[in-house]
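A.B. asks: Following this message is one structure expressed as structure tokens.
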Amino acid sequence: MSIWEYANPVRFMRTSAVLLPWVSVGAALCLSVGLIWGFFFTPDDYRQGSTVKIIYLHVPSAMMAINIWAMMLVTSLIWVIRRHHVSVLAAKAAAPIGAIMTMIALATGAIWGQPMWGTWWEWDPRLTAFLILFLFYLGYIALWAALENPDTAADLTSIVCLVGSVFAVISRYAINFWNQGLHQGASLSLDAEENVSDVFWQPLVLCIVGFILLFVALLLVRTRTEIRARRLMALKLRERTA
Amino acid sequence: MRALLRRDLALAVRAGGGFGLSLAFFLILVTLVPFGVGPQSELLGRIAPGILWVGALLACLLSLDRLFQLDWEDGSLDLLAVSPLPMEGVVATKALAHWLTTGLPLTIAAPLFGVLLNLPIPGYLWLFLSLLIGTPALSVIGSFGAALTVGLKRGGLLLSLLVLPLYVPTLIFGAEVVRRAVDGMTLLTSLAMLGGITMAAWALLPFAAAAAIRINLR
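Line by line, the protein sequences are chains S and A.
Quick note on the numbering used here: the first sequence kicks off at 1 and runs consecutively.
Quick note on the numbering used here: the second sequence kicks off at 1001 and runs consecutively.
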């Protein structure tokens, strides 16, 4: 029994069908409890007032935006190295979710930035890096959509994902060099002196878990759809040649 | 390799369009900017480094889709694939030819266009040098994008979407060099970073581009 057995689409379909309802319910539970707790049962921040509560959407979506790209990088690598179709289909299915997460992070950031910094948008390193990450997602999705042969598309998008990851990291540090930031540094690190207060921290963790589960649920649904679409394509092809 | 380089250069110069076109595009872009932002010379002088770098970048982008497209259509790319020269070498040679016919003329012309935009005096030398060091990176990154989209009928727009985000670091450091020169600050860090990006891109991206072409030829 190894993880590679899930490379078999039939096996993946069977396992994911069992997992999907649990993950979905878990996501709904974590998100609703976390968000209601965060929005209604935490005190206002002494400086930021109630605007601080957008943190429950902003931080988890921003974390997911980066981590989904990292997940796509891993699954693309698995495709390039071991040629497992489910893996690359998972990367394809994850990309639009990642793009939306990036958009949510940017939008909630703008809504948060308006009352706090007095501006919707600032060419701050973190904000700019996220905008560029969004462009990477768009390019990746567009390349998938443009190529007709599924194997060519899988190979080429995997290469884009690899090269894009390297350039995303370089861009991140180049942007740091280019402009000073308005955005605060990390405030959820385990080793930092000053972190978010426990009152906000607990519902925030719940929201982060909820976002992760939501992503997994969406990913399972989308990957299952991709596999079914692939099967349909094969059936049609067989019908035409028969 | 030398024969391929000579062939590509001859094609670019003789086949019309490609060679002068990006220069003309660069000139038009530089001409259009004052219409957009107004003719005040001090404002133009302040944004000149950025405009010249963005202009060079876009002019470079314009000729990218021809890099492999023509060879793909008439089948020369298949011949190159079975030639003893490895695909990485083909890509590097073609990127070099692209730089010689696009990046180098842009680099030489940019100081002249700087006059149009009232670029401050200390900027000229560093504009030339930063473009000289930075534009090879644009060519080789572009060749990667061109290799990805070579099999597509209308890949031009997609090519821009894929390539432009990859140009971000080069643009940041390139324009930074000129801006710092204009402001009289130290600029060696930015210049070294720019050189580093160019060399890393030339060392690594031909492999990625060659892989993409092999996949497209399959």
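Virtual Cβ for every residue (Gly too), placed ideally from N, Cα, C.
(1) Are any of the Cβ atoms in chain A nearer than 7 Å to that of residue 15 of chain S?
(2) Output the boundary residues of the alpha helix (DSSP H) element that contains residue 122 of chain S.
(3) Using a Cβ-Cβ distance under 7 Å, would residue 1187 of chain A count as near chain S?
(4) Where does residue 8 of chain S sit, in a helix, a strand or coil, going by DSSP?
(5) So, does the CB of residue 1105 of chain A fall closer than 7 Å to a CB anywhere in chain S?
(6) For residue 76 of chain S, would you say it is in contact with chain A, using Cβ-to-Cβ distances shorter than 7 Å as the test?
(7) Could you name each continuous alpha helix (DSSP H) segment of 4 residues or more that falls completely within the stretch 54 to 113 of chain S, going from the start of the chain to the end?
(8) For the structure I just gave you, are there three or more beta carbon pairs, one from the stretch 1076 to 1084 of chain A and one from the stretch 1097 to 1115 of chain A, closer than 8 Å?
(9) Counting only beta-carbon atoms, is residue 36 of chain S nearer than 7 Å to chain A?
(10) CB-CB under 8 Å to residue 1124 of chain A, same chain, minus the five flanking residues each way: which ones, in chain order?
(11) Determine the extent of the alpha helix (DSSP H) in which residue 1069 of chain A is found, giving its start and end residues.
(12) Which residue from S:25, S:7, S:9, S:14 puts its Cα closest to that of residue 218 of chain S?
(13) Tell me which residue opens and which closes the alpha helix (DSSP H) that residue 170 of chain S is part of.
(14) Using only the alpha-carbon positions, how far apart do residue 1175 of chain A and residue 39 of chain S sit?
(15) Can you round the beta-carbon distance between residue 1127 of chain A and residue 1049 of chain A to whole angstroms, since I take them to be within the 8 Å contact cut?
(16) Taking the continuous alpha helix (DSSP H) assigned at residue 1150 of chain A, which residues delimit it?
(17) Please report how far the alpha carbon of residue 132 of chain S lies from the alpha carbon of residue 1165 of chain A, in whole angstroms.
(18) Determine whether the beta carbon atoms of residue 168 of chain S and residue 1172 of chain A lie at a separation below 7 Å.
(19) For the stretch 1138 to 1170 of chain A, which residues have a beta carbon sitting closer than 8 Å to at least one beta carbon of chain S?
(20) At a Cβ threshold of 7 Å, is residue 163 of chain S touching chain A?
(21) With distances taken between CB atoms, is the gap from residue 305 of chain S to residue 98 of chain S smaller than 7 Å?
(22) To the nearest angstrom, how far is the alpha carbon of residue 1206 of chain A from that of residue 1093 of chain A?
(23) Exposed or buried, what is residue 1192 of chain A when buried is set at 16 or more other beta-carbons lying within 10 Å of its beta-carbon?
(24) Measure the alpha-carbon distance for residue 123 of chain S versus residue 160 of chain S and round it to whole angstroms.
(25) Three Cβ pairs or more, each shorter than 8 Å: is that satisfied between the stretch 110 to 124 of chain S and the stretch 1181 to 1200 of chain A?
(26) Going along the chain, which residues of its own chain have a beta-carbon closer than 7 Å to the beta-carbon of residue 1159 of chain A, five neighbours each way excluded?
(27) For the alpha helix (DSSP H) that contains residue 1207 of chain A, what are its first and last residues?
(28) For a quick check, are the C-beta atoms of residue 223 of chain S and residue 89 of chain S less than 7 Å apart?
(29) What's the call for residue 22 of chain S, buried or exposed, on a 16-neighbour Cβ count within 10 Å?
(30) So what's residue 1010 of chain A in DSSP terms, helix, strand or just coil?
(31) Could you check if residue 1142 of chain A is buried or exposed, using at least 16 other CB atoms within 10 Å of its CB as the buried criterion?
(32) Assuming residue 137 of chain S contacts residue 102 of chain S (C-beta within less than 8 Å), just tell me the rounded distance between them.
(33) Would residue 1208 of chain A count as contacting chain S if we go by Cβ distances under 7 Å?
(34) Three or more beta-carbon pairs under 8 Å between the stretch 9 to 18 of chain S and the stretch 198 to 217 of chain S, yes or no?
(35) For the stretch 84 to 111 of chain S, enumerate the residues whose C-beta is nearer than 7 Å to any C-beta of chain A, in chain order.
C.D. replies: Judging by the given coordinates:
(1) Residue numbering aside, residue 15 of chain S sits at position 15 when the first sequence is read from its first letter. Judged by the 7 Å Cβ criterion, residue 15 of chain S is not in contact with chain A.
(2) Sequence index remark: in the first sequence, residue 122 of chain S carries index 122 (1-based). It is not in any alpha helix (DSSP H) - residue 122 of chain S carries neither H nor E in the DSSP assignment.
(3) The residue you call residue 1187 of chain A lines up with position 187 of the second sequence. Closer than 7 Å: no.
(4) Taking the first sequence and counting its residues from 1, one reaches residue 8 of chain S at position 8. If DSSP states are grouped into helix, strand and coil, residue 8 of chain S belongs with coil.
(5) Taking the first residue of the second sequence as position 1, residue 1105 of chain A is located at position 105. With 7 Å as the cut-off, residue 1105 of chain A does not count as an interface residue toward chain S.
(6) If you number the first sequence from 1, residue 76 of chain S lands on position 76. By this cut-off, residue 76 of chain S is not an interface position.
(7) 55 to 82
(8) no
(9) As a position in the first sequence, residue 36 of chain S is number 36, starting the count at 1. No, its Cβ sits nowhere closer than 7 Å to a Cβ of chain A.
(10) If you number the second sequence from 1, residue 1124 of chain A lands on position 124. Cβ neighbours of residue 1124 of chain A beyond the five flanking positions: 1111, 1114.
(11) As a first step, residue 1069 of chain A must be located in the second sequence, where it is residue number 69. Where residue 1069 of chain A is concerned, the enclosing alpha helix (DSSP H) stretches over 1066 to 1074.
(12) Taking the first residue of the first sequence as 1, we reach residue 218 of chain S at position 218. That would be S:25, whose Cα lies nearest to the Cα of residue 218 of chain S.
(13) Reading the first sequence from its first residue, position 170 is the one you call residue 170 of chain S. First-last of the alpha helix (DSSP H) with residue 170 of chain S: 150 to 178.
(14) Taking the first residue of the second sequence as position 1, residue 1175 of chain A is located at position 175. Taking the first residue of the first sequence as position 1, residue 39 of chain S is located at position 39. Each residue's Cα considered, the two are about 44 Å apart.
(15) As a first step, residue 1127 of chain A must be located in the second sequence, where it is residue number 127. As a first step, residue 1049 of chain A must be located in the second sequence, where it is residue number 49. Correct: roughly 7 Å between the Cβ atoms.
(16) Translated into the one-based positions of the second sequence, residue 1150 of chain A becomes position 150. Residue 1150 of chain A -> no alpha helix (DSSP H), and no H or E assigned at all.
(17) Along the first sequence, one-based indexing puts residue 132 of chain S at 132. Along the second sequence, one-based indexing puts residue 1165 of chain A at 165. Near 6 Å, if we compare the C-alpha coordinates of residue 1165 of chain A and residue 132 of chain S.
(18) Here residue 168 of chain S corresponds to residue number 168 of the first sequence, with the count starting at 1. Here residue 1172 of chain A corresponds to residue number 172 of the second sequence, with the count starting at 1. Against a cut-off of 7 Å, the Cβ pair of residue 1172 of chain A and residue 168 of chain S comes out as no contact.
(19) 1144, 1148, 1149, 1151, 1152, 1155, 1158, 1161, 1162, 1164, 1165, 1166, 1168, 1169
(20) Locating residue 163 of chain S in the first sequence gives position 163, counting from the first residue. So yes, residue 163 of chain S belongs to the interface.
(21) No answer is possible for residue 305 of chain S: the residues shown for chain S start at 1 and end at 242.
(22) As a first step, residue 1206 of chain A must be located in the second sequence, where it is residue number 206. As a first step, residue 1093 of chain A must be located in the second sequence, where it is residue number 93. If I take the Cα positions, the gap works out to 10 Å.
(23) Your numbering for residue 1192 of chain A matches position 192 in the second sequence. It is exposed - the Cβ of residue 1192 of chain A has fewer than 16 other Cβ atoms within 10 Å.
(24) To locate residue 123 of chain S, count along the first sequence from 1; it is residue 123. To locate residue 160 of chain S, count along the first sequence from 1; it is residue 160. Rounded to the nearest angstrom, the two C-alpha atoms are 26 Å apart.
(25) no
(26) As a first step, residue 1159 of chain A is located in the second sequence; it is residue number 159 there, counting from the start. Once the five neighbours on either side are set aside, the close Cβ partners of residue 1159 of chain A are 1064, 1065, 1145, 1146, 1149.
(27) Residue numbering aside, residue 1207 of chain A sits at position 207 when the second sequence is read from its first letter. Its alpha helix (DSSP H) spans residues 1188 to 1217.
(28) As a working note, residue 223 of chain S is residue 223 in the first sequence. As a working note, residue 89 of chain S is residue 89 in the first sequence. Contact: yes.
(29) As a position in the first sequence, residue 22 of chain S is number 22, starting the count at 1. With fewer than 16 Cβ atoms within 10 Å of its Cβ, residue 22 of chain S is classed as exposed.
(30) On the second sequence, residue 1010 of chain A is found 10 positions in, with the first residue counted as 1. In the structure shown, residue 1010 of chain A sits in a helix (DSSP, three-state: H, G or I).
(31) Stepping through the second sequence from its first residue, residue 1142 of chain A is reached at position 142. Residue 1142 of chain A is buried by the Cβ-count criterion.
(32) On the first sequence, residue 137 of chain S is found 137 positions in, with the first residue counted as 1. On the first sequence, residue 102 of chain S is found 102 positions in, with the first residue counted as 1. With 8 Å as the limit, residue 137 of chain S and residue 102 of chain S qualify as a contact, their Cβ atoms being about 6 Å apart.
(33) In the second sequence, residue 1208 of chain A corresponds to position 208, counting from 1. Interface residue, yes.
(34) no
(35) none
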